[in-house]
Amino acid sequence: MENTMRLLKQSAKALIAGNLAFALSLPVWAANGSADFTMNGTPVTTSSVDLETGVPTALKYTGGSNTCTDVEWFFRKEGQPDWENFAHVQTATLEKLWRAGTHELKMTATGFNGKWFFGLFGCDHTGQYDERTVNINIATSGFAQTKYPIMLVPGVMAFDNILGMEYFFRVADKIRESSDQTVVDVSLAAWQNTEDRGADLANKIIDVLLETDPDFYLNPTMKVNLIAHSHGSTTSRMAINILARHFQNQNENKPGKVASLTTVSGPHYGTPTADGTHWAMENWGFTGKLLGDFLIESLIGNIGGAAVAILSGHANEYPEQDIKHVLRDFTQKGMARFNTCYPSAGLPQGGKYFIEPPLDGVEESISLPIVDGQVTVTDCQGYLNANANNNNNNNNNNDDNILPPFFVPGTHFSAQAPITLAETPNDAYGAGTETLIGPVYGNGLGDETVPTDPNAVRYFSFTGIGEWNTMFNKEGLAANEQDYTDPALLVIQSMFTIVGERTDESFFGQWLAELVEDFTTGSDPTLRNRGYTGESDAFIPVDSTRFGEFIGSFGPWNHLDEMNAFLGSIPANADQPLTVYEDHVNRLQQGGL
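Going by this note's numbering, the sequence shown opens with residue 241, and the numbers climb by one from there.
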């Protein structure tokens, strides 16, 4: 009897344990689900939904009542091969959409209504799987939505971002307010010769395309829109030339990589600041040497360039500093050489160059052979693809093994072009050039082309116009509202007064006294009616900035106001740079770019 009772107890324990194990091994309940959801509170009952541009959409899964259901949301833009998994919750938000077209929204739901032992051990996601995809129709694009990515290319003292302050201050943010397109603030060496700087930019363009074009190697369609300020303008022209030479020389149907170039205050015919500074360094004896070697090269070039490189997180760009080479590039001889070596369909024809010999007994430091109205350059810089040999030696020539182009200096080549010399500075720097009407397209190598050409680059330009002190010392030095970067433009513009005056070292004292006077009175140096006196942004003459389709002059802006610096310190009565940039990006959109 005792043994029988013991056996019954053991059997009961085993039965209880077995039932408990079974309970632990199964979800508490299991109900069927569905892929139902709402958009902005409205059930989605069709396969296609129209949404308004730039308005976020609230999404909510309604296929089951249990929080255990595993819900994921995916979005795929029209023309893109991959889905973006943007949320892993039952209630999500589809962010603002700016790109016109038919896109796709997908929701997946897995493991409906399953919890291990009342939820103590999590959810069972091995249950029923449901999926639903709907088309999202956007009728119109956002105001700044472009077809191609935008790269903002800086000028001298270049950087992308220093302590939250961009070179193009808040311009990218303004574009992104009505666009989902990629916008890149480019970093380049602060002071580097235009040719090597252009090669660096060409390499950065390839980097952006590799990130944005999944078919870069096989069937590339993506290009970039360049918006370039100051030295960035000629840097971009050089990059376009390098890319055009590389891709158009290939026997493959690969289009050019740049859709448009917009230059903002580009020195396409040079600047009197460079000529005046170079004259002083070359003809003012010991004073000129002190200005060139200590103030310009050491302080501004080396120390200033190093500070910018380090603070922007690009210390590797410091060894590339060569401010004197940049100055030479901006002189009349330098730009005559550049325009001869690297012509562009965007450059208005008919420009003259003011070239004067140095004082007697002074050796000329920039050579530009001119014979019978022709300038001949024998040291134009060619560039090679450093990865070409690696690709040729690779027996497995597939996407994973092909290296992208990487441009390095190659051999030199010669170029020749007619040149017309100006009698006075005011006759040069783009004065008297033809006006290019309507859309202007080029192939990047100096030839005009048509919009349907796969290598076509469309050219635009605009500039600022104003005195050096658009804000500083307008109401006296004690005024609260000052832009403390303006005085730098005074020094830059003061060099206008030296061009064509053939001064020697004795002029330094007068130049310095006038500089102090203009600083304290807020006067414009060009009012002395000496040297170059044409309209400018206190650095680049307006005539020199005309390139391609000229949008216009805005202001009152000096050269720094054009990129919304310093921290957006723009006169209240001036055109607002952010609006000008946004309007121009819309112009690119309307042009199919």
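C-beta: ideal position from N, C-alpha, C; glycine also.
By Cβ distance, which residues of its chain are closer than 6 Å to residue i, with the 5 residues on each side in sequence left out?
i      : result
SER793 : THR703, ILE705 and VAL782
LEU360 : Note that LEU360 has pLDDT 49, beneath the 50 cutoff, so the model's placement of it is unreliable and no number is given.
GLU822 : ALA384 and LYS414
THR651 : GLY622
SER734 : LEU755 and PRO765
THR285 : none
Relative to the C-alpha of residue i, which residue among the options is closest?
i      : options                           : result
SER607 : ILE467, SER701, ALA349 and VAL617 : VAL617
VAL739 : SER776, LEU800, SER784 and ASN666 : ASN666
ALA668 : ASP744, ILE550, TYR623 and THR571 : THR571
GLU467 : VAL615, THR278 and SER476         : Correcting the residue type first, residue 467 is Ile in the shown sequence and not Glu. The residue with the shortest Cα to Cα distance from ILE467 is SER476.
CYS620 : ASP440, ASN433 and ILE659         : ASN433
GLY525 : ARG437, ILE732, GLU745 and ALA430 : GLU745
ALA340 : LYS317, VAL448 and PRO583         : LYS317
PRO588 : ASN625, TYR509, ALA626 and LEU551 : TYR509
GLU741 : ASN556, ARG770 and ASP726         : ARG770
ALA484 : THR386, VAL423, ASN443 and GLN330 : ASN443
ARG827 : GLU435, LEU299, ASN465 and PHE326 : ASN465
ASN325 : LEU337, VAL311 and LYS336         : VAL311
MET391 : LEU428, GLY404, VAL602 and THR651 : LEU428
HIS471 : LEU458, VAL411 and TYR407         : TYR407
GLY613 : PHE647, ASN625 and PRO658         : PRO658
ILE402 : LYS387, VAL426, LEU755 and THR342 : VAL426
THR580 : LEU685, ASP815, THR773 and VAL289 : LEU685
ILE445 : LEU551, PRO645 and ARG372         : PRO645
ALA814 : THR660, GLY404, ASN709 and TRP751 : ASN709
GLY749 : VAL374, THR527 and PRO460         : THR527
PHE787 : LEU676, ALA275, ALA753 and PHE277 : LEU676
LEU291 : ALA546, CYS308 and LEU345         : LEU345
ASN556 : MET405, LEU530, ASP440 and LEU449 : ASP440
Who are the near neighbours of residue i in its chain, counting only those whose CB is closer than 7 Å to its CB and skipping five residues on each side?
i      : result
ALA662 : LYS592, TYR593, PHE594 and ALA668
PHE759 : PRO727 and LEU730
LYS336 : GLY294, VAL295 and PRO296
GLY382 : THR293, GLY294, TRP338, SER418 and SER419
LYS573 : ILE595, ILE606 and LEU608
GLU435 : MET478 and GLN621
LEU833 : THR386, LYS387, TYR388, ASN465, ALA499, SER500 and ARG698
ASN259 : Bear in mind that the predicted position of ASN259 carries a pLDDT of just 44, short of 50, making it unreliable; the figure below should be weighed with that in mind. Around ASN259: no qualifying Cβ.
SER784 : PRO507, HIS508, TYR509, GLY510, THR511, TYR669 and GLY670
SER287 : VAL374 and ASN375
GLN830 : none
ALA655 : THR580, CYS581, VAL617 and CYS620
On the DSSP bridge list, what partners appear for residue i?
i      : result
LEU466 : MET391 and LEU501
ASN523 : BP columns for ASN523 are empty, so no partner.
GLY341 : ILE378
TRP313 : ALA327 and MET347
GLY792 : PHE702
LYS300 : THR278 and THR331
PRO283 : THR278
GLU596 : Paired residues: none, contrary to the question.
GLU371 : THR348
TYR623 : PRO649
So, at 8 Å on beta carbons, what are the nonlocal neighbours of residue i in its own chain, with the 5 sequence-adjacent residues on each side left out?
i      : result
TYR681 : ALA585, GLU688, THR689, VAL690, PRO691, ASP693, ALA696, VAL697, ARG698 and TYR699
VAL602 : GLU522 and ASN523
ASN683 : ALA484, GLN488, GLY496, ALA585, THR689, ASP693, ASN695, ALA696 and VAL697
GLY795 : GLY704, ILE705, GLY706, THR710, ASP777, ASP801, ALA814 and ASP815
Relative to the ligand FAD, is the shortest distance from any of its heavy atoms to the C-beta of residue i smaller than 7 Å?
i      : result
ASN556 : Ligands are entirely absent from the displayed structure, and the ligand FAD is therefore not among its contents.
Any beta-carbon of chain C closer than 8 Å to the one on residue i?
i      : result
LYS592 : No chain C is part of this structure, which consists of one protein chain only.
### Task
Evaluate contact between the region 753–766 and the region 539–559, counting only Cβ atoms and requiring at least three cross-stretch pairs below 8 Å.
no
### Query
In chain order, which continuous runs of the beta strand (DSSP E) of length 3 or greater are located wholly inside the region 393–438?
423–425
### Task
Would you list, in sequence order, the uninterrupted beta strand (DSSP E) runs of no fewer than 3 residues that lie entirely inside the region 628–693?
647–658
### Query
Hey, which unbroken runs of the beta strand (DSSP E) at 3 residues or more fall wholly within the region 732–807?
789–794
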